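If you're matching positions, the sequence shown starts at 1 in UniProt numbering and goes up one per residue.
Even glycine gets a Cβ: it sits at the ideal position worked out from N, Cα and C.
This structure is a prediction, so every number in the text was calculated from the model and none was measured.
In what follows, a single structure is set out as structure tokens and then discussed.
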Amino acid sequence: MASDPPYDLIIIGGGLSGGLLALACQRAHPERRILMIEGRPALGGNHLWSFLDSDIDAGDRPLLEPLISYGWRQAHVIFPAYQRTIGSQLYGVRSDRFDAVLRETLPPDAIMTGKTVIDAGPTWVEMESGTRIEAKGVIDARGGADLNLLDPGWRKFVGYELQLAGPHSVRHARIIDAGVEVQEEGLSYCTLLPIEKDTLFIEEVRYGRDPTLNVPGYAKRIFNLAARFGWKILDSARGQAGVIPIATGGDFEAYWDSGSPGVAKVGVRAALFHPVTGASLPDAARTARMIAEMRDWSGDALHQTLHAHAARIWGKRDYYRRFARSLLDENALAEQYKPLEVLYTKEPGTIARFHNMRLTMMDRIALSLGDGPMPLSAALKG
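Written out as structure tokens, the structure reads:
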């Protein structure tokens with residue numbers, strides 16, 4: 001009689017989606033054998049993830065609460081025409097805390113870092129060393145597959161946590177400050193998050209069809225912004241940079257098959273992210289809880305469940321992909337910010353439902369009026 005494989009579940013990738021999945025599964029089933037494999041030394045990389053309180057379902061809060069590094073009572077937006085508070089709390093998760101909580105929660109032999117998976121099937125992975133590791137089920141959480149199949153735009157960002165010589169003037173989290181940017185090159189804005197009275201996280205964000213990230217150029221704009229406000233920088237100890245996809249269309253089935261065919265997937269690998277903002281944390285938390293509640297972690301059951309889940313979600317998000325396409329392709333570069341400027345004039349409930357991708361038909365109608373992102377006929381589709 002064949003012996004059981006050494007693991008109940010192998011998770012490929014220790015980033016946001018893979019880490020949340022491992023955390024949820026370990027807490028729900030401490031008796032099961034889980035292995036998470038990450039190619040980099042640290043889990044989560046080097047990031048500061050942020051999310052609005054309204055982004056998260058009540059059932060997912062216990063998973064996220066131990067990971068939270070910062071909280072801000074109010075989130076603020078600034079556009080050329082106005083500024084306002086949008087009425088939702090904002091939270092931040094630092095990747096070093098993410099790494100620490102995972103290592104505190106999972107057994108030491110459940111985490112493998114600095115090792116690369118070169119191939120995978122529903123019940124096995126092959127390491128770069130040639131070693132084959134088997135499990136009842138495998139989930140691929142390694143980030144994007146062939147993203148060109150999603151007709152992508154890109155959200156490009158560079159951010160620094162700056163230690164200043166004196167107190168700054170930022171009292172609330174500014175999730176979008178488009179008032180300080182010249183918009184001739186397309187949609188761009190800064191995010192400013194006050195950490196301490198003399199510590200500030202500033203991120204430069206730009207949208208476009210070209211994924212090229214000019215890190216020195218973005219960094220220069222951040223330091224110029226600090227100088228404009230009279231902030232003298234003592235240190236910039238922490239930084240992050242990245243390019244994440246914005247989905248404007250594409251073929252879900254082709255994309256799913258482009259990354260480890262037949263293997264269950266989560267996160268960006270499964271096209272589970274906000275098509276406009278690129279945020280994947282809310283989807284990652286929901287998916288982690290869903291898998292943790294499953295009794296059957298066999299490769300076939302995981303693939304069937306996660307494929308059906310991701311396909312269903314993809315079908316529900318056509319409006320947001322059309323919103324992203326309108327943002328990038330249907331406005332002059334100097335006016336790409338205007339669909340977002342219209343969005344954030346709406347009542348807080350509409351803004352919250354946009355972020356958590358639960359807009360009602362009445363919300364869509366409201367967003368189509370005036371200088372909205374798309375005409376009424378298009379807003380009512382899908």
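- Per DSSP, Val342 is one residue of the alpha helix (DSSP H) stretching across Lys338 to Leu343.
- For the options Gln26, Ala135 and Gly19, the alpha carbon positioned closest to that of Ala42 is the one of Gly19.
- Annotated three-state conformation of Arg94 is strand, per DSSP.
- For Ile291, the enclosing alpha helix (DSSP H) begins and ends at Leu281 to Ala292.
- Per DSSP, Gln74 lies in no beta strand (DSSP E) segment and is marked neither H nor E.
- Proximity to Ile233 across Leu164, Ile111 and Pro211 peaks at Leu164, based on C-alpha coordinates.
- Comparing alpha-carbon positions, the option among Glu128, Asp140, His29 and Ala352 lying closest to Leu302 turns out to be Asp140.
- Annotated as proximal: Gly299 and Val138, with beta-carbon spacing under 7 Å.
- Distances from the alpha-carbon of Gly179 to those of Leu192, Arg171, Arg321 and His168 put Leu192 closest.
- Shown here, Lys265 sits in a strand according to DSSP, grouped into three states.
- In this structure Asp318 is exposed. Its beta-carbon is surrounded by fewer than 16 other beta-carbon atoms within 10 angstroms.
- In the DSSP annotation of this structure, the continuous segment of the beta strand (DSSP E) that includes Glu204 starts and ends at Thr199 to Gly208.
- Per the coordinates, the alpha-carbon of Arg221 lies some 48 Å from the alpha-carbon of Thr123.
- Bounds of the alpha helix (DSSP H) holding Thr350 are Pro348 to His355.
- By the criterion of at least three beta-carbon pairs nearer than 8 Å, the stretch 106 to 119 is not in contact with the stretch 63 to 71.
- With a cutoff of 7 Å on beta-carbon distance, Gly71 and Tyr91 are scored as near each other.
- Shown here, Glu185 sits in coil according to DSSP, grouped into three states, outside any helix or strand.
- By the Cβ test, the stretch 113 to 130 is not in contact with the stretch 270 to 283, since fewer than three Cβ pairs between them sit closer than 8 Å.
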